[in-house]
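Below: one structure, written as structure tokens.
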Amino acid sequence: MFYRVSTAVISPSLINDLGFTNAQLSDLAAVFFYAFALSQLPIGVALDRVGARITMAFLALAAVGGALLFATGSTPAHLVVARVFLGIGMSGNLMVVLALLATWFPVNRFAFLSGLVVAVGVLGDLLAATPLALLSLSIGWRASFLVFAAINAIVVGTLLFVMRDHPPGHSPAPSEKQSLFGGLAELAKMYSYWAISLGSFVRYGYFAALRALWAGPFLIYGLGLGEIAASNALLIMGVGYMVGLPLGGSLSDSVLRSRKQIVLGSLVASCFVTLSFVWLAPSTPLWYVLLVFFVLGVMSAPGQIMYAHIKELLPPSMVARAITAVNLFTVLGAGVMTQLLGLVIEAEPSRLSGPDDFRSLWYVGVAALVIVSILYSFVPDSRALKKKDA
Numbered sequence: 005m006f007y008r009v010s011t012a013v014i015s016p017s018l019i020n021d022l023g024f025t026n027a028q029l030s031d032l033a034a035v036f037f038y039a040f041a042l043s044q045l046p047i048g049v050a051l052d053r054v055g056a057r058i059t060m061a062f063l064a065l066a067a068v069g070g071a072l073l074f075a076t077g078s079t080p081a082h083l084v085v086a087r088v089f090l091g092i093g094m095s096g097n098l099m100v101v102l103a104l105l106a107t108w109f110p111v112n113r114f115a116f117l118s119g120l121v122v123a124v125g126v127l128g129d130l131l132a133a134t135p136l137a138l139l140s141l142s143i144g145w146r147a148s149f150l151v152f153a154a155i156n157a158i159v160v161g162t163l164l165f166v167m168r169d170h171p172p173g174h175s176p177a178p179s180e181k182q183s184l185f186g187g188l189a190e191l192a193k194m195y196s197y198w199a200i201s202l203g204s205f206v207r208y209g210y211f212a213a214l215r216a217l218w219a220g221p222f223l224i225y226g227l228g229l230g231e232i233a234a235s236n237a238l239l240i241m242g243v244g245y246m247v248g249l250p251l252g253g254s255l256s257d258s259v260l261r262s263r264k265q266i267v268l269g270s271l272v273a274s275c276f277v278t279l280s281f282v283w284l285a286p287s288t289p290l291w292y293v294l295l296v297f298f299v300l301g302v303m304s305a306p307g308q309i310m311y312a313h314i315k316e317l318l319p320p321s322m323v324a325r326a327i328t329a330v331n332l333f334t335v336l337g338a339g340v341m342t343q344l345l346g347l348v349i350e351a352e353p354s355r356l357s358g359p360d361d362f363r364s365l366w367y368v369g370v371a372a373l374v375i376v377s378i379l380y381s382f383v384p385d386s387r388a389l390k391k392k393d394a
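Quick note on the numbering used here: the sequence shown kicks off at 5 and runs consecutively.
Structure representation (structure tokens):
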């Protein structure tokens, strides 16, 4: 999560030091997500064939190498290549851990532990806000990435030292060999799959595009905030996302007992919050700016429930492929939305001087959120929670 969004905070330094343009900044943020997304299916095969430990070892080489390459990059193209390696290196972190949890722990602890992993991951998002800004101001962005490359190497080295694919004495059952694309044709015929996938594409894609890149320039060049104040707003946005994860899940599971109501409500609410960015100005009180960013983070988080929604609309034989396919759209959304927002900002970074230069960001976001909200409204709600009550 740190590597995903770190470009937002250091974007002014990249503009000043290496002369990044809007298009190059978009490419820099987006290629991480493209590399991440395209690695998903190969990682699934690797986990099946060689296990979590060897898979993580090879991915760690790409991750640490990418961080070192980023820290020493001398041109925009050099840094883009480094982000590709970072995307590949980070692409298996969650899948590897989920595979280990499924092997080492009983099924009635899997949901709690996997949720805990996601929550800890969001701490990386927070680390890439104010802490990174302070470190970058103190020692520079290059030295900062050298520090995180070292931390990355220590963490992965420790993990590889203690990690074992299976508990002692456990003999894993041979996995059923299936085609990577088996069942995808049937999935492609389902309206619910496409509506949920596109909803996740826009929901997370727009949030990630702002959090990973475009919110930083808006706060600094549009609202005239200093780097620390802007980083605080990004930090608050990440806190909102962290709060929204368990809050949305609890409302869905225990209060409303509905997947559709929570997801659709969050999409509609995100439309209104995004529209409110149009009226932010340099004279807007800082507390209100922070509040808007916090609420947007909260409203973006319940999209995680989309995975539960698609799972409960399908027979068990299709669930794994459906969730993987939705996740592919989710990660691709981050890359595509990042580049799309870069295209709609006409002025180059050096010429951005006020909130009016960023209005197209909000109009595109509102339009996309309205479209997927309408599409999602026709998806049937899950009946799994209702059946459980009965």
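Note that beta-carbon positions come from the ideal geometry of N, C-alpha and C, so glycine has one too. Every value quoted in this text rests on a predicted model; they were computed, and no experiment measured them.
Please work out which residues of its chain come closer than 6 Å, Cβ to Cβ, to residue i, disregarding the five sequence neighbours upstream and downstream, and give them in chain order.
i, result
"ALA231", "A small correction: the amino acid at residue 231 is Glu; Ala does not occupy that position in the sequence shown. So the list reads ALA137, once near-sequence residues are dropped."
"TYR225", "LEU356"
"VAL101", "VAL121"
"ALA56", "VAL100, ALA103, LEU104 and ASP169"
"SER17", "TRP145"
"ARG207", "GLY307"
"SER262", "ASP385"
Between which two residues does the alpha helix (DSSP H) holding residue i run?
i, result
"PHE109", "Looking at the DSSP string, PHE109 is not in any alpha helix (DSSP H), and its letter there is neither H nor E."
"THR162", "145 to 166"
"THR59", "56 to 76"
"LEU22", "6 to 22"
"LYS193", "Unbroken run through LYS193: none, as it is neither H nor E."
"GLN265", "264 to 280"
"PHE298", "290 to 304"
"VAL28", "Looking at the sequence provided, one finds Gln at residue 28 rather than Val. Segment 26 to 42, the alpha helix (DSSP H) holding GLN28."
"ALA86", "80 to 94"
"LEU249", "231 to 254"
"VAL380", "According to the sequence displayed, residue 380 carries Tyr and not Val. TYR380 -> alpha helix (DSSP H) spans 363 to 380."
"TYR225", "It is not in any alpha helix (DSSP H) - TYR225 carries neither H nor E in the DSSP assignment."
"ALA312", "309 to 316"
With C-beta atoms as the reference, is residue i less than 8 Å away from residue j?
i, j, result
"VAL9", "ASP129", "yes"
"ILE314", "ALA326", "yes"
"TYR195", "MET341", "no"
"PHE297", "ILE349", "no"
"PHE205", "PHE333", "yes"
"ALA66", "VAL160", "no"
"LEU238", "VAL13", "yes"
"GLU316", "SER386", "yes"
"VAL299", "GLY244", "yes"
"ALA133", "SER235", "yes"
"LEU191", "MET322", "yes"
"LEU139", "ALA75", "no"
"GLN28", "ASN331", "no"
"SER30", "GLN343", "yes"
"LEU131", "PHE40", "no"
"ALA153", "LEU279", "no"
"LEU229", "LEU223", "yes"
"GLY217", "THR11", "The question names Gly, but residue 217 in the sequence shown is Leu. Yes. Within cutoff."
"VAL383", "LYS264", "yes"
"ALA199", "TYR380", "yes"
Could you give the distance in angstroms between the alpha-carbon of residue i and the alpha-carbon of residue j?
i, j, result
"GLY252", "THR162", "34 Å"
"ALA371", "LEU127", "30 Å"
"ALA233", "ALA285", "15 Å"
"GLY70", "GLY337", "22 Å"
"PRO359", "ALA212", "20 Å"
"ASP361", "LEU90", "31 Å"
"LEU83", "VAL68", "14 Å"
"LEU51", "THR107", "12 Å"
"LEU202", "VAL277", "20 Å"
"GLY173", "ALA123", "31 Å"
"PRO135", "ASN20", "21 Å"
"LEU347", "VAL368", "11 Å"
"VAL88", "LEU42", "11 Å"
"ALA157", "SER148", "14 Å"
"SER258", "THR59", "37 Å"
"LEU32", "VAL335", "15 Å"
"MET167", "LEU345", "41 Å"
"GLY125", "PRO319", "30 Å"
"ALA219", "GLY242", "12 Å"
"PRO110", "PRO171", "12 Å"
"VAL54", "LEU295", "47 Å"
Excluding sequence positions up to five away, which residues of its chain have a Cβ less than 7 Å from the Cβ of residue i?
i, result
"LEU22", "THR79 and PRO80"
"LEU260", "ILE266"
"VAL247", "VAL302"
"VAL282", "ARG363 and TRP366"
Can you find the residues in the same chain that come closer than 8 Å, C-beta to C-beta, to residue i, ignoring five residues on each side of it along the sequence?
i, result
"THR288", "LEU227"
- Task: Pair every Cβ in the stretch 265 to 279 with every Cβ in the stretch 303 to 313, then say whether three or more of these pairs are closer than 8 Å.
- Result: With three or more CB-CB distances shorter than 8 Å, the stretch 265 to 279 counts as touching the stretch 303 to 313.
- Query: Using 8 Å as the Cβ pair cut-off and three pairs as the minimum, do the stretch 140 to 153 and the stretch 22 to 33 touch?
  - Reply: Counting Cβ pairs under 8 Å, fewer than three are found: no touch.
- Query: With contact counted as at least three CB pairs below 8 Å, one residue from each stretch, are the stretch 362 to 377 and the stretch 237 to 254 in contact?
  - Reply: In this structure the stretch 362 to 377 does not lie against the stretch 237 to 254, because fewer than three pairs of beta carbons, one per stretch, are closer than 8 Å.
- Message: Quick test of the definition: if touching needs 3 or more C-beta pairs under 8 Å, does the stretch 25 to 41 touch the stretch 81 to 96?
- Response: Touching, per the Cβ criterion.
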